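First comes the structure, then the notes that go with it.
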Amino acid sequence: MITLQIGNITNGCDFVKKQYKKQVYGITTPLFTDKNGQKFWKREGNALFLDVNYKHNMKQF
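Quick look at the structure:
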């Protein structure tokens, strides 16, 4: 699974660099889990989302 993620991140960074002529970076983090070790899922109703009013420029392509 990690190999697929790295490939997607690399391809995405290459695309953005070519399309927008800007250097971009991709990051990974450990899976977010609750105190019981269960991962956060949209379908479980406990998903985490970025705040659209956050002052830093973060985008998902």
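Start counting the sequence shown at 126; every next residue gets the next number (our numbering). Glycine residues also receive a C-beta, built at the ideal position from the N, C-alpha and C atoms. These numbers come from a predicted model, not from an experiment.
- Under DSSP, T158 shares a beta bridge with K164.
- Looking at the backbone, the Cα of T158 and that of N171 are separated by about 10 Å.
- Approximately 29 Å separates the beta-carbon atoms of L156 and K147; this is outside 8 Å, ruling out the contact.
- Between the alpha carbons of N133 and K167 lies a distance of about 21 Å.
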